[in-house]
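Asks: Numbering that gives the first Met the number 0 applies: residue 0 is where the sequence shown begins, and numbers increase by one.
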Amino acid sequence: MAASRKGSWLVVLILTAALPAGAQKETYDSRSMAPYVPTPINVVHRMLILGGVKSGDIVYDLGSGDGRIVITAVQEYGAKAVGVELDSDLAERANARIRELNLSDRANIMHAHLMEVDLSTASVVTLYLLSSSNMELRPKLERDLKPGARVVSHDFQIMGWTPVKTETVKGDTRQHTIFVYEIGKH
Numbered sequence: 000m001a002a003s004r005k006g007s008w009l010v011v012l013i014l015t016a017a018l019p020a021g022a023q024k025e026t027y028d029s030r031s032m033a034p035y036v037p038t039p040i041n042v043v044h045r046m047l048i049l050g051g052v053k054s055g056d057i058v059y060d061l062g063s064g065d066g067r068i069v070i071t072a073v074q075e076y077g078a079k080a081v082g083v084e085l086d087s088d089l090a091e092r093a094n095a096r097i098r099e100l101n102l103s104d105r106a107n108i109m110h111a112h113l114m115e116v117d118l119s120t121a122s123v124v125t126l127y128l129l130s131s132s133n134m135e136l137r138p139k140l141e142r143d144l145k146p147g148a149r150v151v152s153h154d155f156q157i158m159g160w161t162p163v164k165t166e167t168v169k170g171d172t173r174q175h176t177i178f179v180y181e182i183g184k185h
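#1: Helix, strand or coil for Thr38, going by three-state DSSP, please let me know.
#2: Determine, using beta carbons only, whether Asp56 and Val123 come nearer to each other than 8 angstroms.
#3: Inspect the CB distances between the stretch 41-53 and the stretch 145-152 and report whether three or more fall short of 8 angstroms.
#4: Distance check for Asp171 and Asn101, CA to CA, integer angstroms please.
#5: Please state whether DSSP places Val73 in a helix, a strand or coil.
#6: For Ile182, which of helix, strand or coil comes out of DSSP?
#7: Note down, in chain order, each residue of its chain lying with its Cβ closer than 7 angstroms to the Cβ of Val163, except the 5 sequence neighbours on either side.
#8: Which runs of the beta strand (DSSP E), 3 residues or longer, sit entirely within the stretch 154-179?
#9: What's the C-alpha gap between Leu61 and Ile97?
#10: For Glu84, count the other beta carbons within 10 Å of its own beta carbon; 16 or more makes it buried, fewer makes it exposed. Which is it?
#11: Using alpha carbons as the reference points, say which of Arg142, Arg137 and Lys145 lies closest to Thr161.
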């Protein structure tokens with residue numbers, strides 16, 4: 000395992016250990032590109048604002064967890080949104096919440112691996128993955144996304160790309176950094 004991957008996993012293990020009871024997954028899927036660590040809602044809003052999400056956008060949240068970014072993008076920013084979640088339980092719970100909120104016509108969580116999903120319709124992609132996972136994903140983003148599409152990453156940069164915006168956001172227990180990239184400008 001490369002040193003950068005080891006370092007990224009250490010950060011994730013520390014973050015995961017700080018999660019409330021029940022938020023940690025007891026089983027691990029070896030295809031996972033990051034553990035489930037929910038993004039604080041104030042960080043969700045800043046990600047969507049910095050990504051310029053508006054009505055007419057199609058937001059893809061890769062590793063969507065409980066669907067909070069998807070739901071917020073639809074409810075508060077007027078976008079259509081698709082989540083991609085490897086964990087079937089999380090995907091089903093998020094879809095149940097979407098149905099409960101009557102958002103099924105504009106939001107959906109796909110139970111799939113993010114590397115196997117066509118992102119060509121996305122105008123905004125949000126991520127909370129490890130740096131090593133972002134590197135693995137980068138060629139797919141470059142191949143699938145159209146010029147002008149925005150990629151918004153929580154805490155972990157996409158190495159080799161230069162962000163068009165970077166912002167630090169205060170969370171409940173720590174600072175969060177948001178990196179915004181624009182396809183064709185990195």
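All C-beta atoms in this analysis are idealised placements derived from N, C-alpha and C, irrespective of residue type, glycine included.
Replies: Put simply:
#1: Here residue 38 refers to the residue found at position 39 when the sequence shown is read from its first residue. Here Thr38 sits in coil by DSSP.
#2: Translated into the one-based positions of the sequence shown, residue 56 becomes position 57. Translated into the one-based positions of the sequence shown, residue 123 becomes position 124. In contact: Asp56 and Val123 (Cβ atoms closer than 8 angstroms).
#3: yes
#4: Indexing the sequence shown from 1 puts residue 101 at position 102. Indexing the sequence shown from 1 puts residue 171 at position 172. Those two C-alpha atoms are separated by around 30 angstroms.
#5: Here residue 73 corresponds to residue number 74 of the sequence shown, with the count starting at 1. The answer is helix: DSSP assigns Val73 an H, G or I state.
#6: Locating residue 182 in the sequence shown gives position 183, counting from the first residue. Note: Ile182 maps to coil in three-state DSSP.
#7: Locating residue 163 in the sequence shown gives position 164, counting from the first residue. The residues are Val179, Tyr180, Glu181 and Lys184.
#8: 164-169
#9: On the sequence shown, residue 61 is found 62 positions in, with the first residue counted as 1. On the sequence shown, residue 97 is found 98 positions in, with the first residue counted as 1. Distance between the alpha carbons of Leu61 and Ile97: 17 angstroms.
#10: The residue given as residue 84 occupies position 85 in the sequence shown. Counting Cβ neighbours within 10 Å, Glu84 comes out buried, since at least 16 surround it.
#11: The sequence position of residue 161 within the sequence shown is 162, counting from 1. The option with the nearest alpha carbon to Thr161 is Arg137.
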